[in-house]
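K.L.:
Quick note: to get our numbering, add 451 to the position in the sequence shown (first position is 1).
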Amino acid sequence: MAAAVSAIAAVLGVVVGFLGLPAVLRSPTSKEPTVVTVTVTASPDDESSAGSSPSPGDGPSGSGSSSTKPGPTRTAEFDLVEGYGFDLDATPLRPGKTAGSKNADFYWSTTQELLWASGEKLVDAGETTRDGCLKSTRYSFDISLFDVFVGQTLCVITDDRVALIEVTNTDLGNHNSRFISMKVTSWAKP
452 MAAAVSAIAA VLGVVVGFLG LPAVLRSPTS KEPTVVTVTV TASPDDESSA GSSPSPGDGP
512 SGSGSSSTKP GPTRTAEFDL VEGYGFDLDA TPLRPGKTAG SKNADFYWST TQELLWASGE
572 KLVDAGETTR DGCLKSTRYS FDISLFDVFV GQTLCVITDD RVALIEVTNT DLGNHNSRFI
632 SMKVTSWAKP
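Take a look at the structure:
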C-alpha cells in the first residue's frame, strides 16, 4: 500500500513539475481568456439630413443645437488576468496579452499590483453612465488591485472613446489563478 502511494506521489510530482501547476489545474493564467458576450449597437446615421433646413415641426426656429448622441455602443463581458489588457477600438472588444501600455488602453500590469490606463484618463468615481464618466475630473492612471471590489465602476477616457468598466467578480487571492470579471461598455466620444 505504501509503495502504491509513493508511486502515485512520484507520478504527480513529475507531471506537476514538468507541465507546471497552472496547466494541470486549468488556471485562467494558462490560457487566453474568452469573450462571453459582445454586442454592437449602431446609432442612426444623421448625414442624410445634413445641409437641409428644419421643417416647421422640427423644433424651435434657429435652435442650432448640436447632437450629443453617444454613437455606437459596444459591450463585452470577460475575465481579465495578469499580463492581459484590451484596446477600446479593437473589434471584437476582448482582452489579449499585452506588452505594457503599447497594445492596450487598459491592462493588468505584470510587474506591479496595478490596473493601468495607458496614458489615458482613469476615473474611480462610482459613475454609471457615459456622461457621468465625462463629467468626473478625479483622474488617475492606475488603481491598486487591493482597491478593486465587486460592484465597483471605473471609467476609461481615451481620445476617441469613453468606457464604463463594471467589476462583476474577482479572485485575487491565489497568485496562480487570479482574475477580475468585468463588463465593459464603450461609446464613441462626443
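Don't be surprised by glycine CBs; every beta carbon is placed ideally from N, CA and C.
(1) Between the C-alpha atoms of Arg-545 and Glu-533, what's the straight-line distance to the nearest angstrom?
(2) Taking the DSSP output, what are the residues bridged to Cys-606?
(3) Helix, strand or coil for Asn-625? Go by DSSP, reduced to three states.
(4) Beta-carbon separation of Val-607 and Glu-571 under 8 angstroms?
(5) Taking its Cβ as the centre, do 16 or more other Cβ atoms sit within 10 Å of Ala-614, making it buried, or is it exposed?
(6) Assign Ala-430 to one of three DSSP states: helix, strand, or coil.
(7) Could you say if the stretch 522–530 and the stretch 623–638 meet the contact criterion of at least three C-beta pairs nearer than 8 angstroms?
(8) What residues in its chain sit with their C-beta under 6 angstroms from that of Leu-605, if we drop five residues either side in the sequence?
(9) List the endpoints of the continuous alpha helix (DSSP H) containing Leu-585.
(10) Excluding sequence positions up to five away, which residues of its chain have a Cβ less than 8 angstroms from the Cβ of Ile-594?
(11) Do Asp-611 and Asp-540 count as a contact pair if the criterion is CB distance below 8 angstroms?
(12) Taking the CB atoms as reference points, tell me whether Trp-559 and Gly-536 lie closer together than 8 angstroms.
(13) Determine, using beta carbons only, whether Trp-638 and Arg-589 come nearer to each other than 8 angstroms.
(14) Who are the Cβ neighbours of Ser-587 in its own chain at under 6 angstroms, not counting the five residues just before and after it?
(15) Relative to the alpha-carbon of Thr-636, which residue among Ala-454, Pro-523, Met-452, Ala-453 has its alpha-carbon at the smallest distance?
P.N.:
Straight from the coordinates:
(1) Here residue 545 refers to the residue found at position 94 when the sequence shown is read from its first residue. Here residue 533 refers to the residue found at position 82 when the sequence shown is read from its first residue. The straight-line gap from Cα to Cα measures roughly 14 angstroms.
(2) Locating residue 606 in the sequence shown gives position 155, counting from the first residue. Answer by DSSP bridge pairing, in chain order: Val-574, Leu-615.
(3) The residue given as residue 625 occupies position 174 in the sequence shown. In this structure, Asn-625 counts as coil in the three-state DSSP scheme.
(4) In the sequence shown, counting from the first residue as 1, residue 607 sits at position 156. In the sequence shown, counting from the first residue as 1, residue 571 sits at position 120. Contact: yes.
(5) Position 163 of the sequence shown, counted from the first residue, corresponds to residue 614. By the neighbour-count rule (16 or more Cβ atoms within 10 Å), Ala-614 is buried.
(6) It is not possible to answer for residue 430, since the shown part of the chain is limited to 452 through 641.
(7) Touching, per the Cβ criterion.
(8) For this step, residue 605 is matched to residue 154 along the sequence shown. Here the set comprises Asp-575, Ile-616.
(9) To locate residue 585, count along the sequence shown from 1; it is residue 134. Here the alpha helix (DSSP H) through Leu-585 covers 581–586.
(10) In the sequence shown, counting from the first residue as 1, residue 594 sits at position 143. Result list for Ile-594: Leu-565, Leu-566, Leu-573, Asp-575, Leu-605, in chain order.
(11) The residue given as residue 540 occupies position 89 in the sequence shown. The residue given as residue 611 occupies position 160 in the sequence shown. Yes; because the gap between Cβ atoms is below 8 angstroms, this pair is in contact.
(12) Taking the first residue of the sequence shown as 1, we reach residue 559 at position 108. Taking the first residue of the sequence shown as 1, we reach residue 536 at position 85. Result yes, Cβ atoms of Trp-559 and Gly-536 sit closer than 8 angstroms.
(13) In the sequence shown, counting from the first residue as 1, residue 638 sits at position 187. In the sequence shown, counting from the first residue as 1, residue 589 sits at position 138. Contact: no.
(14) As a position in the sequence shown, residue 587 is number 136, starting the count at 1. Only Val-574, Ala-576, Glu-578 meet the Cβ criterion.
(15) Within the sequence shown, residue 636 is the residue found at index 185, counting from 1. Of the listed residues, the one whose Cα sits closest to Thr-636 is Pro-523.
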